[in-house]
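Heads up: the sequence lines are chains A and B, in that order. Taking my numbering, the leading residue of the first sequence gets 543, the next gets one more, and so forth. Taking my numbering, the leading residue of the second sequence gets 41, the next gets one more, and so forth. Glycine included, each C-beta is placed from N, C-alpha and C at the ideal position.
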Amino acid sequence: MPAEKTGKILVVGGGMSGITAALEAAEVGYEVILIEKNPYLGGRVTQLNKYFPKLCPPNCGLEINFRRIKNNPRIKFYTLAGLEKISGSEGDFDVTIKLNPRCVNENCTACGACLEVCPVERPNDFNFGMDKTKAIYLPQDFAFPLRYVIDDKYCTKAECAKCVEVCSYEAIDLNMQAQSLSLKVGSIVWATGWTPYDATKIDDLGFGKYQNVIINMMMERLASQGGPTKGKILRPSDGKEPSRIAFVQCAGSRDENHLPYCSSVCCLASIKQATYIREQYPDAEILIFYIDIRTPARAERLYLRAQKDEKIKFIKGKVAKIEEDPSTKDLTVTAEDALTLQKIHEKVNLVVLAAGMAPNTKEWKAPAEISCDTDGFILSNTGVAGMYAAGCALKPIDVYSSVQTATAAALKTIQSLVRR
Amino acid sequence: MAEQVISPDLGFVKDIIAGGGESLKKCFQCATCSVVCNLAPDDKPFPRKEMIYAQWGLKDKLLPNPDIWLCHQCSDCTVYCPRGAKPGEVLNAVRKLAIEHYSVPNFLAKAVGKKQHLAFLFAIPTVLFLLILASLGHLNPLNVPRNEAGQISFAKFLPSLYIDGVFVPVAIFAVVCFAIGISRYWKDMKRLAGPVNKGNIWSTIIATIWEILEHKRFEKCNVTKNRKIAHFLVFYSFIGLAITTAWAVLYLYGPGIMKLFGAEPFSWMLGESPYPLTDPLKWLANASALVLLIGISLVIRDRLKNKEKVGSGGYYDWLFITIVFLVMATGILAQLFRLADIAVLAYLIYFTHLVVVFFLFAYAPFSKMAHMVYRATAMIFAKHIERES
């Protein structure tokens with residue numbers, strides 16, 4: 543007997559997991575509303591230079607997904623959208639969504655004329671503050687929707703309004719106000735994602751204090767064509783090419799003072815990033831300091847290949863001290879090599895901290911009684927009928943596994959709608 | 041690689057856990073501890089290797105290893121440990137077992153380390169002093185002894201002949217036990233370290249003593265910075281009290297000895313106590329007692345303050361801290377009640393004072409007090425083998 547299609551599905555979070563869950567459900571015929579807090583879809587994946595283990599860029603996969611969304615009338619998505627209130631129960635949730643003003647409407651063609659005249663700059667959070675954009679900006683090169691946005695924290699609005707004058711499409715509306723949207727949905731998928739752990743809290747590693755100590759996600763941006771250095775890996779303090787780079791594994795992860803769990807992707811991410819450096823600087827030396835290298839299943843091959851590389855040295859010992867030479871901004875990292883029983887002090891010119899993944903539900907409290915573990919990840923049994931979690935909201939996982947959990951969540955939401 | 045046979049001693053692992061190292065098994069060998077420790081040398085740093093020796097029960101690698109004493113338990117390692125394995129506390133428990141292992145007679149070492157034997161250890165001095173007082177007929181609260189001036193006099197309560205009759209043998213006992221213990225320890229360290237430097241041992245000893253007097257090592261601690269001042273005060277108050285004791289011996293026996301040689305005793309040699317508060321000996325005694333009060337209070341405060349992250353130590357630590365505190369408290373109170381002329385309380389507290397002083401010195405080779413001798417020995421050895429400069 544064909545299932546009776548009742549109710550809509552709300553997907554919270556428009557990253558890879560949210561997009562997948564939305565598409566899977568929509569492509570079997572369900573109405574889906576996808577909301578995303580950023581001005582673009584794609585989430586953390588859009589910040590990556592390459593995926594492991596295949597080392598291919600994420601853009602092609604994202605593009606396919608964006609096309610699936612465009613072609614599917616059953617998916618309605620909102621960017622710059624926040625969830626305000628949920629009431630009701632499975633099959634009958636009342637949801638209030640806040641739509642923040644973009645100040646740029648659908649007319650925008652991303653021609654860039656506004657950029658020329660905008661006098662205000664803002665730090666570019668997409669590139670972790672390593673460069674700046676104008677107050678009106680395109681969030682990133684592959685932004686979907688391809689439309690500019692105004693950061694109202696920086697824009698002086700009516701005082702300036704130069705962009706409005708110059709825009710020939712009447713795309714800019716500086717008076718755009720936040721709107722509230724009320725919806726009825728039958729089930730909800732939480733795909734709220736993750737944030738890199740705030741490495742400034744790891745006081746012995748100098749992040750935030752020493753310019754040439756960066757986190758792994760910053761390395762992704764440095765290596766990306768759309769990044770602050772147009773894909774050339776240069777150290778932040780002086781824009782010089784690094785010749786000796788240290789990767790510090792478990793920066794925050796597996797540490798009860800920070801994130802008590804293994805973030806599961808950082809070993810492979812660092813090995814992957816070592817290949818970025820090998821490509822750009824064949825003579826550069828790479829040191830990877832680790833507690834244990836975790837590269838399960840097929841990913842082991844990437845590790846074995848790196849082990850054979852004479853320019854990559856794996857050192858068993860966690861870095862617990864980083865000092866900067868103030869004149870050169872070079873860094874000395876200290877660890878005990880547990881295999882040789884020597885405390886070693888290695889001088890390098892760039893340090894990459896393998897910062898772990900913190901669930902966004904750690905800082906942000908969902909407006910629903912869903913159950914989280916002590917680390918802030920949503921439990922697979924959310925405790926509320928009709929609500930399911932997907933991707934890194936559940937646990938720290940790679941993109942491939944996130945997609946699997948998203949498909950599983952889509953199935954569960956469908957079951958929830960059909961079961962009654 | 042040459043085959044290496046290791047012999048784990050599971051009983052030893054249990055002993056470490058029982059001695060305050062219950063977090064031992066949480067260690068996953070990340071080596072954060074060896075890096076954050078400012079005292080650990082670059083070559084074979086501690087305490088990561090000690091943590092795995094301890095987990096595996098490798099008693100033979102741990103006990104004769106001077107590194108366990110080069111650690112001053114700053115607890116920087118414990119604070120930064122990502123697993124809550126508390127290396128500082130584990131090494132503290134290992135040090136307790138090292139004292140127990142090397143000290144002779146062993147049964148006393150075992151008794152000092154275990155709560156259930158506490159009553160027995162207190163019973164020895166209590167019974168001893170009660171017997172002496174009973175034989176003197178000084179146990180009747182209605183008829184307390186006073187001196188010719190009608191003052192409360194501890195020298196009348198328990199004449200110095202008896203005091204010295206007890207404490208001189210106690211001191212000799214402690215010194216002999218210490219000597220046997222550290223000679224066993226030195227031999228064992230030599231066995232583990234292999235051939236050693238034949239440099240001048242005396243200059244090494246002097247350098248070590250100087251280092252201890254300066255308390256330089258404590259300055260390298262980050263998290264428990266305050267420990268330096270606390271330990272410094274306790275350490276120097278003990279030196280002050282040791283000088284006081286020697287001084288009092290001079291007052292007591294000086295006149296007699298001078299008479300023996302036909303000389304006229306100096307007038308400042310006051311003879312039997314009590315001495316007036318204006319006498320320099322009393323200045324030193326009371327100043328030392330006050331410094332000890334401040335020092336030991338800081339020790340207690342710091343331990344309680346850092347309890348959550350660092351751990352507050354086990355029974356063995358607190359027994360020692362309590363005894364030191366009681367020695368100081370009973371000393372000060374006995375004097376106050378004597379001056380207030382409340383005889384029964386003054387004598388009762390003085391009696392307690394004698395019991396805890398006995399406890400402190402007679403059991404010093406087995407209690408945490410032994411750390412001063414073992415740590416100093418390990419520091420000398422480490423310099424001797426050029427592990428330390």
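- Out of C808(A), G781(A), S785(A), R786(A), the CA that lies nearest to the CA of G794(A) is found in C808(A).
- In this structure, the CA atom of L723(A) is about 49 Å from the CA atom of A862(A).
- Distance check between S631(A) and each of G549(A), I828(A), P661(A) places G549(A) closest, using alpha-carbon atoms only.
- Residue environment: I246(B) is assigned as exposed (fewer than 16 neighbouring CB atoms within 10 Å of its CB, all protein chains considered).
- Shortest Cα-Cα distance from S710(A) to any of D867(A), D825(A), K596(A), T651(A) involves T651(A).
- Inclusion of V755(A) and I854(A) in the CB contact set at 8 Å is not warranted, their separation being larger than that value.
- Taking each of P314(B), L388(B), L310(B), Q156(B) in turn and checking the Cα distance to G294(B), the smallest one comes out for L310(B).
- When beta bridges are read from the DSSP output, R786(A) appears opposite E827(A).
- Look at T876(A) here: in three-state DSSP terms it is strand.
- At a cut-off of 8 Å, the C-beta of A568(A) has no neighbouring C-beta in chain B.
- Judged by their CB atoms, G153(B) and Y356(B) are nearer to each other than the 8 Å cut-off.
- In the DSSP assignment, S631(A) forms a beta bridge with D634(A).
- Distance from L716(A) to C645(A) at the Cβ level is roughly 6 Å; contact confirmed, criterion being Cβ atoms closer than 8 Å.
- Within the DSSP bridge table, the entry for M899(A) names P738(A) as partners.
- Neighbours of E798(A) across chain B, judged by C-beta separation under 7 Å: P122, R123, G124.
- Within a 10 Å sphere around the beta-carbon of L253(B) sit fewer than 16 other beta-carbons, which makes this residue exposed.
- Note that the C-beta distance between K260(B) and L79(B) is below 8 Å.
- By the 16-neighbour rule on beta-carbons within 10 angstroms, W308(B) is exposed.
- Residues of chain A whose Cβ lies closer than 8 Å to the Cβ of R88(B) are, in chain order, E878, A880.
- When the alpha-carbon of G557(A) is set against those of A951(A), A765(A), V941(A), the nearest one is in V941(A).
- Excluding sequence positions up to five before and after D107(B), its CB lies within less than 7 Å of the CB of F86, E90, all in the same chain and listed in chain order.
- Residue-level contact check: K84(B) touches chain A, since one or more beta carbons of chain A fall below 8 Å from its beta carbon.
- Contact annotation for A862(A) against chain B: T72, V75, V76, Y120 [CB-CB distance below 7 Å, chain order].
- Here the alpha carbons of S785(A) and I833(A) stand approximately 24 Å from one another.
- Under the 8 Å criterion on CB atoms, D917(A) is classed as non-interfacial with respect to chain B.
- Neighbours of G859(A) across chain B, judged by C-beta separation under 7 Å: A71.
- Closer than 8 Å to the CB of L829(A) there is not a single CB belonging to chain B.
- Measuring C-alpha to C-alpha distances from A788(A) to each of D780(A), L829(A), S922(A) identifies L829(A) as the nearest.
- Taking 8 Å as the threshold, the shortest C-beta distance from A233(B) to chain A does not fall below it.
- The beta carbon of Q191(B) lies closer than 7 Å to those of P314 in the same chain, with the five residues before and after it left out.
- For F68(B), the nearest CB of chain A lies under 8 Å from its own CB, placing it at the interface with that chain.
- Shown here, A793(A) sits in a strand according to DSSP, grouped into three states.
- Residue-level contact by beta carbon fails for A422(B) and chain A, as no gap is shorter than 8 Å.
- For L883(A), the closest Cβ of chain B is nearer than 8 Å.
- Of K751(A), E905(A), M929(A), the smallest CA-CA separation from I912(A) is found for M929(A).
- From the beta-carbon of A80(B), the residues of chain A found nearer than 9 Å are E878, K885.
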